[in-house]
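Residue numbering for the first sequence follows the numbering used here, beginning at 1085 and increasing consecutively. No residue lacks a Cβ here, since even glycine has one placed at the ideal position from N, Cα and C. Structure, as structure tokens:
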Amino acid sequence: MKEIVQKVKGMRDFYPAEMAFRTWLYHQIRCISEQFGYQEYEAPILEKLELYAAKSGEELVKEQAYVFSDRGGGEIALRPELTPSLARMIAQRQNELAYPVRWWSFGPFWRYEQPQKGRTREFFQWNIDMIGAAGYQADAELLAVCAAFLNQIGLTPEMVQIKVNNRRLMDEQLLKIDVTAELKPVVYRLIDRRDKLRPDAWRDFAIENGIGTDMLEQLIALLDNQELWKESETLTTIFDLVDKMGYGEYLAFDSQVIRGLLYYTGTVFEVWDKAPGGRAVLGGGRYENLVEDVGGDPLPGVGFAMGDVMISVLLEKYGLLPTLNYQPAHVLVTCFDDQTLSDAYQLAAEIRRGGINVITYPEPAKLNKQLKFANRVGARAILIAGPDEVAAGQVTIKDLLNRTQQTVSRADCVRELRALGI
RNA sequence: GAGGCUGUAGCUCAAUGGCGGAGCGUCUGACUGUGGAUCAGAAGGUCGUGGGUUCGACCCCCAUCAGCCUCCCCA
């Protein structure tokens, strides 16, 4: 134990059980993405640091990216997010793609953060984007993808909610209460923190940052206005479209959803656990300038990203983790003794050619030991070909589930296994 | 970056500053061609790591590493 080198902080091992879950999640994601006609793609794990300098937040690049120099002296980053890579891939082939482009991806990312519940330094993230659709109606499709996914994995509108807002609406409203361009970042930050601070502490924070009492009262009235979305044609249209697609119950307008990312310009949304103290598990929105920022021509996009860690926490919390069988072989061929070992290996090969996954016990051992092993690894049936069976051209099939066994001719073995439902 | 809790057998955890334990699991046997049960036995530990205090440290102190939790942050 002492001499086992520890794994790097914040990294996870995926033993077969965890790997089975990750594969399951990947499958759910693929299923929904393809339902809406999105194509899978992948970008490099390593990118030049300057790719992120273009638009990602300062915090992300300076504090949270894994950065190192390669042997050529270049500044390289382990990708902390995918969107800049996506923007580059689009820009590189800007004139040959059929728009709107619908792409999705699921892969690993790294951020140098303090590991805690729902957060690791290496995580997997689903990214899904539609690029090249200028109309805000496209935003509704991404919200539907999001809701369809939540529905697919069993998260109901009672458990989670997609909080939607629109930055343009908020900008207009803030302008009405005389929030200047200089004040806007502070006010955004203030809005973002409203649920994190106590009311009095929140007010103090506002005053300290130069927000006058009058403006603060107007801001509170603005944020508390549940009907504010009705003043946005974008939001009313989007809500209507998502409702028509059958996912209206998942949506809720929330004027406090702003999102930290600099590049969002229109609709923004986050999926939240509705329980008290709930957290965001997914976020996204519309961005107008990203492709331009990496050197392409202006092209709008809308998309979202979801990490595997928080969604797992949520599924576990609501008892929705799937029960997965991660033993691919349902049959074990026993190895009786040195004389019949080659027959056992040969039998296993015959069964495999019959289309059934098989493991062999690789060396002679006591039969009860092999039976225990078969149980441990989750096999459904075992095959015994000892001296008696070999001499008679037969094989004994033992059904571990029903505790029955039969001796059949070798030629019938595959058929008999099929009859057991294997 | 800040704070709190934890670290003892493969796993889950006990142990008043004075002989390091239990349950589960593993292995062996009872059972030399038949599994999940039962019984018996065995293996398995530099008590996270490094210092310090003490006649004596798993226990107290300091540092450090890791895990969990909270704050900060959140693409």
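With 16 as the cutoff for other CB atoms within 10 Å, does Asn1452 come out buried or exposed?
In this structure Asn1452 is exposed. Its beta-carbon is surrounded by fewer than 16 other beta-carbon atoms within 10 angstroms.
Neighbourhood of Cys1497 by C-beta distance below 6 angstroms, restricted to the same chain and skipping five residues each side
Contacts found: Val1479.
Can you round the beta-carbon distance between Leu1259 and Gly1368 to whole angstroms, since I take them to be within the 8 angstroms contact cut?
Beta-carbon to beta-carbon, Leu1259 and Gly1368 are separated by about 25 angstroms, too far to satisfy the 8 angstroms threshold.
For Gly1362, collect the residues of the same chain with a Cβ closer than 7 angstroms to its Cβ; drop the 5 residues on either side in sequence, then sort them by chain order.
The residues are Trp1356.
In three-state DSSP terms, what is Gln1310?
Coil, per DSSP.
I need the DSSP call for Asp1496, collapsed to helix, strand or coil.
The answer is helix: DSSP assigns Asp1496 an H, G or I state.
Does the structure place the stretch 1206 to 1220 close enough to the stretch 1408 to 1417 that three or more beta carbon pairs sit under 8 angstroms?
Between the stretch 1408 to 1417 and the stretch 1206 to 1220 there are fewer than three inter-stretch CB-CB distances shorter than 8 angstroms, so the stretches are not counted as touching.
Within a Cβ cutoff of 6 angstroms, which residues of the same chain sit near Met1394, ignoring the five residues on either side of it in sequence?
Taking C-beta separations shorter than 6 angstroms and ignoring five residues to either side along the sequence, the partners of Met1394 in its chain run Gly1202 and Val1365, following chain order.
Lys1436 to Leu1501 span [Cα, whole Å]:
It should be pointed out that residue 1436 corresponds to Arg in this sequence rather than to Lys. Roughly 12 angstroms between the two C-alpha positions.
Are the Cβ atoms of Ile1129 and Pro1192 separated by less than 8 angstroms?
Between Ile1129 and Pro1192, the CB-CB gap stays under 8 angstroms.
Ignore the nearest five residues each way along the sequence and tell me which others in Gln1245's own chain have a CB closer than 6 angstroms to its CB.
Excluding residues within five positions, the ones whose Cβ falls inside 6 angstroms are Ala1336, Trp1356 and Lys1358.
Cβ neighbour criterion (16 or more within 10 Å) applied to Asp1381:
So Asp1381 ends up on the exposed side.
Quick one: which unbroken alpha helix (DSSP H) runs of 4-plus residues sit fully inside the stretch 1141 to 1193? Chain order, please.
Counting only runs of at least 4 residues, the stretch 1141 to 1193 fully encloses the following alpha helix (DSSP H) elements, listed from N- to C-terminal order: 1167 to 1176.
Distance, Cα to Cα, Ile1174 vs Asn1211?
Distance between the alpha carbons of Ile1174 and Asn1211 is about 15 angstroms.
Contact between the stretch 1309 to 1325 and the stretch 1239 to 1257 is defined here as three or more beta-carbon pairs at a separation below 8 angstroms; is this criterion met?
With a cut-off of 8 angstroms, the stretch 1239 to 1257 and the stretch 1309 to 1325 count as touching, because enough Cβ pairs lie within range.
Among Gln1176, Val1229 and Arg1287, nearest to Val1375 - alpha-carbon criterion
The shortest CA-to-CA distance from Val1375 to any of Gln1176, Val1229 and Arg1287 is the one to Gln1176.
Who are Tyr1371's beta bridge partners in DSSP?
Bridge partners of Tyr1371: Gly1385.
Could you give the distance in angstroms between the alpha-carbon of Lys1086 and the alpha-carbon of Ala1231?
Low confidence applies to Lys1086: its pLDDT is 45, below 50, so where it sits in the model is not reliable, and the reading given next is rough at best. Taking the straight line joining both Cα atoms gives about 47 angstroms.
Could you give the residue range of the alpha helix (DSSP H) that holds Glu1333?
No alpha helix (DSSP H) contains Glu1333, which DSSP labels as neither H nor E.
Do Asp1262 and Met1299 have their C-beta atoms closer together than 8 angstroms?
In contact: Asp1262 and Met1299 (Cβ atoms closer than 8 angstroms).
Here's the rule I'm using: 16 or more other beta-carbon atoms within 10 Å means buried, otherwise exposed. How should Lys1482 be labelled?
Result: buried.
From Lys1132 to Pro1164, what distance separates their C-alpha atoms?
Separation of Lys1132 and Pro1164 (C-alpha to C-alpha, rounded to the nearest whole angstrom) is 12 angstroms.
Going by CA-CA distance only, name the one from Phe1289, Met1390 and Arg1278 that's closest to Ile1342.
Ranking Phe1289, Met1390 and Arg1278 by Cα distance to Ile1342 puts Arg1278 first.
If you draw a straight line from the C-alpha of Asp1223 to the C-alpha of Leu1303, how long is it?
Cα to Cα, Asp1223 sits roughly 27 angstroms from Leu1303.
Which runs of the alpha helix (DSSP H) spanning at least 4 residues fall entirely within the stretch 1247 to 1301, listed in chain order?
Within the stretch 1247 to 1301, the complete alpha helix (DSSP H) segments of 4 residues or longer fall at 1251 to 1260, 1268 to 1277 and 1283 to 1292, listed in chain order.
Which of the three DSSP states, helix, strand or coil, is assigned to Gln1090?
Of the three classes helix, strand and coil, the one that applies to Gln1090 here is coil, per DSSP.
Return the chain-ordered list of same chain residues with a C-beta closer than 6 angstroms to the C-beta of Gly1438, the five sequence neighbours on each side being excluded.
Closer than 6 angstroms at Cβ, skipping near neighbours: Val1498.
If we call anything under 8 angstroms between Cβ atoms a contact, is Glu1206 one with Arg1106?
Cβ atoms of Glu1206 and Arg1106: not closer than 8 angstroms.
Residue ranges of each beta strand (DSSP E) within the stretch 1400 to 1425, 3 or longer:
Counting only runs of 3 or more residues that sit fully inside the stretch 1400 to 1425, the beta strand (DSSP E) segments are 1415 to 1417, in chain order.
Ala1137 - containing alpha helix (DSSP H), residue span:
Leu1133 to Ala1137 is the extent of the alpha helix (DSSP H) around Ala1137.
Quick check on DSSP: helix, strand or coil for Thr1320?
Of the three classes helix, strand and coil, the one that applies to Thr1320 here is helix, per DSSP.
Give the C-beta separation of Tyr1559 and Leu1135 to the nearest angstrom, bearing in mind that I take them to be a contact with Cβ-Cβ under 8 angstroms.
Residue 1559 falls outside the range modelled here, since the chain spans only 1085 to 1506, and no answer is possible.
In chain order, what residues of the same chain lie with their CB nearer than 7 angstroms to the CB of Pro1448, ignoring the 5 residues before and after it?
Only Cys1419, Phe1420, Asp1421, Asp1422 and Leu1425 meet the Cβ criterion.
Same chain, Cβ closer than 8 angstroms to Ile1160, neighbours up to 5 away in sequence not counted
Correct list, in chain order: Leu1130, Glu1131, Lys1132, Leu1133, Val1151, Phe1152, Ser1153 and Asp1154.
What's the C-alpha gap between Pro1360 and Gln1123?
When rounded, the distance between both Cα atoms is 37 angstroms.
Residues bridged to Lys1491 [DSSP beta-bridge criterion]:
Looking at the sequence itself, residue 1491 is Thr, so the reference to Lys does not match. According to DSSP, which records beta bridges pairwise, Thr1491 is partnered with Thr1480.
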